[in-house]
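Residue numbers (the numbering used here), protein chains in the order written: chain F, 88 to 253; chain A, 200 to 328; chain U, 6 to 342. From the three backbone atoms N, C-alpha and C, an ideal C-beta is built for every residue, glycine too. Beneath this line is the structure, given in structure tokens, with notes to follow.
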Amino acid sequence: MNKIPLYGLLIAVGSAIYVFESFIPFPIPIPGARWGFSNMVIVYALPFTSLPWLLALVLGKAIVGGLISGRFLGPTFLMGLLGSVSSVLLMYTSLKTFKKSGLILHSVIGALSNNVVQVLIGAQIVSSWVIIGYLPYMEILATLSGSANAVIAGILLRRVSKGART
Amino acid sequence: MRNLSSKIFSRTDFWFLTIVCAVLLSWIVISNISPHASKAVILVHGKIYKVVSLDKNALFNIKWKDIHLMTVQTKNGSIRVKESTCKNKICVRTGWISKDGQSIVCVPNRVIIYTKGAKQAPYDLMTYQ
Amino acid sequence: MRKTRVVILSIFTLALVGVVLVTVILKRPPQYYIQQGIAFGTDVKFAYATKKRNAKIVVDAMFDELKKLDNIFNPYREKSELYKLNHSNGKWMKVDPRLFNVLKYSTDFSKETNGEFDPTLGKVVVLWGFNTDDPNKWRLPQPSEISGALKHTGYKYVEFKGNKVRLLNGVWIDLGAIAKGYAVDVLLKMAKMNDPSSSGYVDIGGDIGIIGPKYGNQPWKIGIRNPRGTINDAIAHVYLYKGTIATSGDYERFIIKNGKRYYHIFDPKTGYSPNNFESITTISTSGILSDAFGTAAMVGGMEKTQKWSKGLGVAYLIVDEKGHVETNSLWKNYEEP
Numbered sequence: 088m089n090k091i092p093l094y095g096l097l098i099a100v101g102s103a104i105y106v107f108e109s110f111i112p113f114p115i116p117i118p119g120a121r122w123g124f125s126n127m128v129i130v131y132a133l134p135f136t137s138l139p140w141l142l143a144l145v146l147g148k149a150i151v152g153g154l155i156s157g158r159f160l161g162p163t164f165l166m167g168l169l170g171s172v173s174s175v176l177l178m179y180t181s182l183k184t185f186k187k188s189g190l191i192l193h194s195v196i197g198a199l200s201n202n203v204v205q206v207l208i209g210a211q212i213v214s215s216w217v218i219i220g221y222l223p224y225m226e227i228l229a230t231l232s233g234s235a236n237a238v239i240a241g242i243l244l245r246r247v248s249k250g251a252r253t
Numbered sequence: 200m201r202n203l204s205s206k207i208f209s210r211t212d213f214w215f216l217t218i219v220c221a222v223l224l225s226w227i228v229i230s231n232i233s234p235h236a237s238k239a240v241i242l243v244h245g246k247i248y249k250v251v252s253l254d255k256n257a258l259f260n261i262k263w264k265d266i267h268l269m270t271v272q273t274k275n276g277s278i279r280v281k282e283s284t285c286k287n288k289i290c291v292r293t294g295w296i297s298k299d300g301q302s303i304v305c306v307p308n309r310v311i312i313y314t315k316g317a318k319q320a321p322y323d324l325m326t327y328q
Numbered sequence: 006m007r008k009t010r011v012v013i014l015s016i017f018t019l020a021l022v023g024v025v026l027v028t029v030i031l032k033r034p035p036q037y038y039i040q041q042g043i044a045f046g047t048d049v050k051f052a053y054a055t056k057k058r059n060a061k062i063v064v065d066a067m068f069d070e071l072k073k074l075d076n077i078f079n080p081y082r083e084k085s086e087l088y089k090l091n092h093s094n095g096k097w098m099k100v101d102p103r104l105f106n107v108l109k110y111s112t113d114f115s116k117e118t119n120g121e122f123d124p125t126l127g128k129v130v131v132l133w134g135f136n137t138d139d140p141n142k143w144r145l146p147q148p149s150e151i152s153g154a155l156k157h158t159g160y161k162y163v164e165f166k167g168n169k170v171r172l173l174n175g176v177w178i179d180l181g182a183i184a185k186g187y188a189v190d191v192l193l194k195m196a197k198m199n200d201p202s203s204s205g206y207v208d209i210g211g212d213i214g215i216i217g218p219k220y221g222n223q224p225w226k227i228g229i230r231n232p233r234g235t236i237n238d239a240i241a242h243v244y245l246y247k248g249t250i251a252t253s254g255d256y257e258r259f260i261i262k263n264g265k266r267y268y269h270i271f272d273p274k275t276g277y278s279p280n281n282f283e284s285i286t287t288i289s290t291s292g293i294l295s296d297a298f299g300t301a302a303m304v305g306g307m308e309k310t311q312k313w314s315k316g317l318g319v320a321y322l323i324v325d326e327k328g329h330v331e332t333n334s335l336w337k338n339y340e341e342p
């Protein structure tokens with residue numbers, strides 16, 4: 088596959104998940120907080136993609152997802168975008184550093200950092216530090232969703248690579 | 200495409216997950232030891248709007264520049280947002296909070312409600328003759 | 006090759022996290038530069054935070070300014086402007102413009118309160134000994150002495166011409182009721198001129214002026230001293246984002262003779278201290294007004310205080326002679342944060 092159709096497809100799938108996951112109730116009452124299943128496409132692309140393309144993927148997903156869900160350029164949009172950018176950077180670094188580990192570690196690191204940045208920015212928006220109290224709960228959920236993303240993305244990667252080889 | 204046979208799970212991942220979960224669980228346990236709060240502080244647009252005692256049962260409205268934002272209820276040492284004009288109603292879904300340091304956040308209305316302990320903070324300054 | 010790439014990436018990531026942390030830390034509550042000392046004959050405390058990073062310089066300048074003000078307004082310091090004026094034997098004297106303005110303000114305020122406030126009671130204050138900090142010098146004078154001293158009082162004997170002042174009839178000025186409040190105003194102006202968005206407070210012997218809200222958006226919580234309690238015993242609290250607060254009372258400089266309390270504020274008509282309130286705390290936009298109003302109220306009593314406060318927009322809390330607390334409707338604005 089060429090790069091542009093591939094990443095276009097990934098952005099489309101990611102945005103679809105992004106919209107779909109807002110129907111799954113998120114048990115923590117922080118504005119802008121969500122499961123983050125749409126990051127599955129980033130975890131999927133992580134092993135074979137260069138950093139600029141990963142960032143393009145994140146940006147594309149945020150813009151398309153933001154437009155579809157009507158959050159584009161709102162305060163929670165900014166929270167989400169900065170969160171995903173920092174998480175991609177950390178995931179990429181983790182991929183290059185921890186050679187022996189699997190996708191789960193990279194994915195969970197990404198999800199954890201995503202939430203940390205989101206809460207920090209959220210605290211700025213509402214100008215109060217009290218919402219940091221929610222962080223441990225959010226990180227538990229991030230560990231779960233990050234692991235789930237990694238498992239699904241990993242299985243997909245294996246299937247697709249088998250198909251590509253035959 | 201290269202590197203497609205990447206691992207999903209390895210020993211490193213196992214230990215990593217274990218440590219992360221341990222840290223998070225202990226964080227949650229520690230933060231839950233906090234005692235029941237006696238007061239709630241309501242911030243609107245970053246400023247203290249009102250401090251309410253949780254001992255009393257009350258129902259009151261929060262307004263900002265004469266625009267109704269939400270209705271807040273206190274009952275039996277707890278506080279909640281009963282009704283809000285915001286779109287997503289996250290603040291309403293938070294439900295009752297009663298422990299020290301808990302909070303309800305409403306970003307669209309820029310309202311934060313957080314609980315505070317029993318001790319009254321001493322004054323910053325004293326005026327005297 | 007790979008290693009260098011990893012190193013570069015790690016540095017990049019760390020830098021990003023660093024930038025996020027730094028912006029977060031920069032937006033954190035400002036750190037206050039706090040300095041305490043003795044100046045203006047009283048305990049002084051300043052807290053100041055400014056983005057211009059010159060808090061110490063400004064606070065030092067504020068202390069210097071207080072010293073200068075003391076050299077003008079302290080009538081019991083020889084060589085002070087006011088001392089010279091009090092000893093000018095009724096001659097026209099060109100005085101420092103600041104002294105001129107405060108004198109003008111005082112006499113205007115005397116007119117406004119029909120003489121219940123009077124800055125010309127210097128000789129009465131000295132007679133009782135309340136011009137010193139030394140309790141051994143405080144005494145109950147003979148009635149004849151008091152009526153003698155009263156002859157040399159009266160705000161009408163302060164005359165102004167151009168930038169000159171003269172004191173007739175041998176009156177002595179004592180600005181003890183107003184100088185601290187004026188100093189609060191001067192220092193607030195200094196702090197705000199340096200940085201209009203700066204924050205903190207000035208506290209000159211319990212006369213407090215707010216430079217800006219605590220941490221930029223929170224009120225300062227101020228305790229009102231219980232007039233019959235210990236130093237740290239507050240009878241009430243207020244929350245101030247701005248403005249000034251001052252207290253007048255009967256509990257710092259006083260003597261008790263034959264079961265009766267005499268203190269450093271005097272009724273210009275009798276030369277004795279009034280028995281209306283134990284203390285009054287006032288909040289207004291101006292330190293000099295808060296300070297002067299309190300003294301006038303101690304003399305004028307409840308009814309006049311109510312009337313004046315409506316005209317001048319002063320919030321007050323009164324502890325009356327029985328220890329009951331009374332506040333006006335303006336005060337309610339400050340009771341909750």
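Could you work out which residues of chain A lie near residue i, taking near to mean beta carbons separated by less than 9 Å?
i: LEU190 of chain F; result: SER205, LYS206, ILE207, PHE208 and ASP212
i: THR230 of chain F; result: LEU216, VAL219, CYS220 and LEU223
i: PRO195 of chain F; result: Note that residue 195 of chain F corresponds to Val in the displayed sequence, not to Pro. By Cβ distance, chain A contributes ASP212, PHE215, LEU216 and VAL219.
i: GLY256 of chain F; result: In the structure displayed, chain F extends from 88 to 253; residue 256 of chain F sits before or after that span and is not available.
i: GLU257 of chain U; result: TYR327 and GLN328
i: TRP225 of chain U; result: TYR322, ASP323 and LEU324
i: ILE209 of chain U; result: Neighbours of ILE209 of chain U on chain A: none; closest Cβ ~11 Å, over 9 Å.
Against residue i, what residues of chain A qualify as contacts under a CB-to-CB distance less than 7 Å, listed in chain order?
i: SER253 of chain U; result: GLN328
i: GLN36 of chain U; result: Under the 7 Å cutoff, chain A gives no residues; its nearest Cβ is about 15 Å from GLN36 of chain U.
i: ALA237 of chain F; result: ILE207
i: TYR206 of chain U; result: LEU324
Could you give the first and the last residue of the continuous beta strand (DSSP E) run that contains residue i?
i: ILE240 of chain U; result: 239-245
i: PHE135 of chain F; result: Neither: PHE135 of chain F is in no beta strand (DSSP E) and is coded neither H nor E.
i: GLY254 of chain U; result: 249-254
i: ASP65 of chain U; result: Here ASP65 of chain U belongs to no beta strand (DSSP E); instead the alpha helix (DSSP H) covers 60-78.
i: ILE241 of chain A; result: 238-243
i: GLY95 of chain F; result: First-last for GLY95 of chain F: 90-108, but that is the alpha helix (DSSP H), not the beta strand (DSSP E).
i: TYR53 of chain U; result: 47-54
At a CB-CB cut-off below 9 Å, which residues of chain F make contact with residue i?
i: LEU268 of chain A; result: The contacting residues do not exist; LEU268 of chain A stays about 14 Å from chain F at best.
i: TRP226 of chain A; result: LEU222, PRO223 and GLU226
Using only alpha-carbon positions, find the residue among the options that is nearest to residue i.
i: ALA44 of chain U; options: U:SER289, U:LEU74, U:THR252 and U:ARG58; result: U:LEU74
i: TYR220 of chain U; options: U:ILE236, U:TYR206, U:PHE259 and U:ARG233; result: U:TYR206
i: ARG292 of chain A; options: A:SER283, A:LYS298, A:GLY300 and A:ASP299; result: A:SER283
i: GLU70 of chain U; options: U:ASN91, U:LYS84 and U:ARG103; result: U:ARG103
i: LYS161 of chain U; options: U:ASN136, U:PRO146 and U:ILE178; result: U:ILE178
i: THR373 of chain U; options: U:GLU121, U:ILE183, U:LEU193 and U:LYS185; result: The requested residue 373 of chain U is not part of the displayed model; chain U covers only 6 to 342.
i: LYS262 of chain A; options: A:LEU253, A:ASN275, A:SER277 and A:LYS246; result: A:LYS246
i: ASN199 of chain U; options: U:MET67, U:SER278 and U:GLY264; result: U:MET67
i: ASP139 of chain U; options: U:ILE260, U:GLY328 and U:SER295; result: U:ILE260
i: LEU108 of chain U; options: U:MET307, U:VAL129, U:ILE183 and U:VAL130; result: U:ILE183
i: TYR327 of chain A; options: U:TYR277, U:ASN338 and U:ARG258; result: U:ARG258
i: TYR221 of chain F; options: F:SER109, F:GLY157, F:PRO114 and F:SER125; result: F:PRO114
i: GLY127 of chain U; options: U:LYS265, U:LYS156 and U:TYR244; result: U:LYS156
i: PRO201 of chain U; options: U:ASP48, U:GLN41, U:THR55 and U:TYR37; result: U:THR55
i: GLY152 of chain F; options: F:PHE124, F:ALA235 and F:PHE185; result: F:PHE124
i: GLN36 of chain U; options: U:GLY23, U:ALA52 and U:GLY42; result: U:ALA52
i: SER149 of chain U; options: U:VAL163, U:THR137 and U:LEU132; result: U:LEU132
i: SER295 of chain U; options: U:ASN263, U:LYS312, U:ASN338 and U:VAL319; result: U:VAL319
i: THR118 of chain U; options: U:GLY305, U:LYS61, U:ASP65 and U:LEU173; result: U:GLY305
Could you spell out the range, first to last residue, of the alpha helix (DSSP H) harbouring residue i?
i: PHE114 of chain U; result: 102-117
i: GLN41 of chain U; result: Where GLN41 of chain U is concerned, there is no enclosing alpha helix (DSSP H), although the beta strand (DSSP E) it sits in stretches over 38-44.
Closer than 8 Å by beta-carbon distance: list the chain A residues that pair up with residue i, in chain order.
i: PHE185 of chain F; result: THR211
i: GLY292 of chain U; result: Under the 8 Å cutoff, chain A gives no residues; its nearest Cβ is about 12 Å from GLY292 of chain U.
i: ALA239 of chain U; result: TYR322 and MET325
i: GLY228 of chain U; result: PRO321, TYR322, LEU324, MET325 and THR326
So residue i contacts chain U; which residues on that side make the cut at Cβ distance below 9 Å?
i: LYS249 of chain A; result: GLU341 and PRO342
Less than 8 Å between the CB atoms is what I'm expecting for residue i and residue j, so what's the real figure, rounded?
i: ALA241 of chain U; j: LEU322 of chain U; result: 6 Å
i: SER209 of chain A; j: LYS183 of chain F; result: With 8 Å as the limit, SER209 of chain A and LYS183 of chain F do not qualify as a contact, their Cβ atoms being about 16 Å apart.
Using a C-beta to C-beta distance shorter than 8 Å, which residues of chain U count as neighbours of residue i?
i: GLY245 of chain A; result: ASN222
In chain F, what lies closer than 7 Å to residue i by C-beta?
i: SER302 of chain A; result: VAL217, ILE218 and GLY220
Mind pulling the chain F residues with CB within less than 8 Å of residue i?
i: SER237 of chain A; result: The contacting residues do not exist; SER237 of chain A stays about 16 Å from chain F at best.
Where are the beta strand (DSSP E) runs, 3 residues long or more, that stay fully inside the stretch 159-235 of chain U, in chain order? As far as the stretch 159-235 of chain U is concerned, its whole beta strand (DSSP E) runs of at least 3 residues are 163-166, 169-172, 204-209, 212-217 and 225-230.
Suppose only complete runs of 4+ residues qualify. What are the alpha helix (DSSP H) ranges in the stretch 255-322 of chain A, listed by chain order? Taken in chain order, the unbroken stretches of alpha helix (DSSP H) that lie wholly in the stretch 255-322 of chain A and span 4 residues or more are 289-293.
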